[in-house]
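J.: Residue numbers (my numbering): 2 to 457.
Structure provided below as structure tokens; questions to follow.
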């Protein structure tokens, strides 16, 4: 389908959006593979709020305007579905969970999952998080150098296992890490493919991916059995789901429980770990601000651990997390597909057209942020956020499908940054740079290397 057919010009609407020069057959795929983030930035910079992207035989539009983004995600959300071209490649791991379901099934699952993220549940999760962070920080030494991102990924898995399953996975952590890395690596590979290769094709990445799925299946089903038999005290997200009853009074099946838990595990643990890793990447290069943040934490907490109740008293930590997710948003893009012809702004988007919304691009738009590529947490002081257009800053998406764990993620990141800054001055080793690898998240290849300086 041509761009003229997809985005026609009924009376009163603008011309179809233009895009960067492309090549026959492949369109912009080579540009995207070479530098995906840079490509989307160029699209917005050179072609405005709506730009055309050619993806081999398909076409999509990139939208970079707060008002138009709000139309897609909020005002006309029912006119779009999540872009299934990518998500249908992940059935083996996501199943029919919250991330991939639509319409009535999605609303039902959202209702089932919401109680696990109420304030009282967050308060219950916080001590477990701080305890695990304290255990990790207690193993660190003055002058030590290491890859912070790898440390945090392992910690994120432990926190997710505790809060989702109420399970201690210390004895399983090596296998769990291996399975998670296999899955994340394969998801990244599939994200860049313009076509679907069935799981049954015995590619090396597929073999590892299916082994990772099988391992996580065994772990989750084992914990479900231990809950039912009374070997583990039901708590956390899984326990909340096990208490759910459908319209006929029946509990969720083991398969339904499994799909929801693994969806939350993969959707949540890496994105939050990335926020914390990028946080110390940026704080480690802005150590004066880090010192001020540490002093604020010490003034509030003294010698005791940081608690959930302390968080409203730690604005410097909150601003650091907010600004980190502006400069380096882990979930950097949202995809939708028009389920019918729909007008967005002055454009008619035809049924089946892909829509891409990128926080990476919007968060770096000088219309919304002064000096947009610089890390300046103080910009969030006062009423700055209230003055921003609603979708100038959206690290968790927006509308009905806003990330259900957004408050959980903010809490975890703040507790982590505050606990570490209180104990250590983290210096970023800039002589060991990393590259950003965009897939479903933005990942640092090469690690985020730091040096620790114990605070006396």
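The beta carbon of each residue, even a glycine, is placed where N, CA and C say it ideally should be.
Under the three-state reduction of DSSP, which class applies to residue 313: helix, strand or coil?
T.: helix
J.: Can you give me the Cβ contacts of residue 7 inside the same chain, cut-off strictly under 6 Å, excluding the 5 residues immediately before and after it?
T.: With a pLDDT of only 44 at residue 7, under 50, the local geometry of the prediction cannot be trusted, and the value read off the model is given with reservation. 60, 351, 354, listed in sequence order.
J.: Closer than 8 Å is the cut-off here; do at least three beta carbon pairs connect the region 271 to 287 with the region 324 to 338?
T.: The answer is yes - the region 324 to 338 touches the region 271 to 287, with three or more Cβ pairs under 8 Å.
J.: So residue 239 and residue 262 are supposed to be a Cβ contact under 8 Å. How far apart are they, rounded?
T.: 6 Å
J.: Checking 8 Å against the spacing of the C-beta atoms, do residue 518 and residue 265 come in under that value?
T.: This structure gives no information on residue 518, because the portion of the chain shown stretches from 2 to 457.
J.: For residue 301, I'd like the list of residues in its chain whose CB is within less than 7 Å of its CB, leaving aside the five on either flank, ordered along the chain.
T.: 311, 314, 315
J.: Could you tell me which residues DSSP pairs with residue 444 in its beta bridges?
T.: 438
J.: For residue 386 and residue 362, what's the separation of their Cα atoms in angstroms?
T.: 18 Å
J.: Which of helix, strand or coil does DSSP assign to residue 131?
T.: helix
J.: Where does residue 234 fall in DSSP's three states?
T.: coil
J.: Tell me, to the nearest whole angstrom, how far the beta carbon of residue 141 is from that of residue 453; I am working on the premise that it is less than 8 Å.
T.: The pair is a contact, with the Cβ atoms about 6 Å apart (cut-off 8 Å).
J.: Quick one, which of 338, 186, 251 has its alpha-carbon nearest residue 443's?
T.: 186
J.: Within its chain, find whatever has a CB closer than 7 Å to the CB of residue 430; leave out the 5 residues flanking it on each side and keep chain order.
T.: Hits under 7 Å: 146, 450, 451, 452.
J.: Given this structure, state the Cα-to-Cα distance separating residue 37 from residue 439, to the nearest angstrom.
T.: 7 Å
J.: In terms of alpha-carbon separation, which member of 356, 334, 335 lies closest to residue 344?
T.: Cα-wise, what sits closest to residue 344 is 356.
J.: Could you give the distance in angstroms between the alpha-carbon of residue 289 and the alpha-carbon of residue 326?
T.: Residue 289 and residue 326: Cα-Cα distance of roughly 20 Å.
J.: Using a threshold of 8 Å, state whether the C-beta atoms of residue 152 and residue 137 are closer than that.
T.: yes
J.: Considering only the beta carbon of each residue, do residue 81 and residue 340 sit closer than 8 Å?
T.: yes
J.: State yes or no: is the C-beta of residue 155 within less than 8 Å of the C-beta of residue 280?
T.: no
J.: Between the region 108 to 119 and the region 235 to 250, do three or more beta carbon pairs fall short of 8 Å?
T.: The region 108 to 119, when compared against the region 235 to 250, does touch it at the 8 Å Cβ threshold.
J.: Under 8 Å Cβ to Cβ from residue 259, same chain only, skipping five residues before and after it: list those, please.
T.: 96, 218, 221, 222, 225
J.: When DSSP labels each residue in this structure, what does residue 382 get in the three-state scheme?
T.: coil
J.: For residue 54, which beta-bridge partners are listed by DSSP?
T.: Answer by DSSP bridge pairing, in chain order: 61.
J.: Report all residues from its chain with a CB closer than 6 Å to the CB of residue 164; omit the five preceding and five following residues, and keep chain order.
T.: 126, 237
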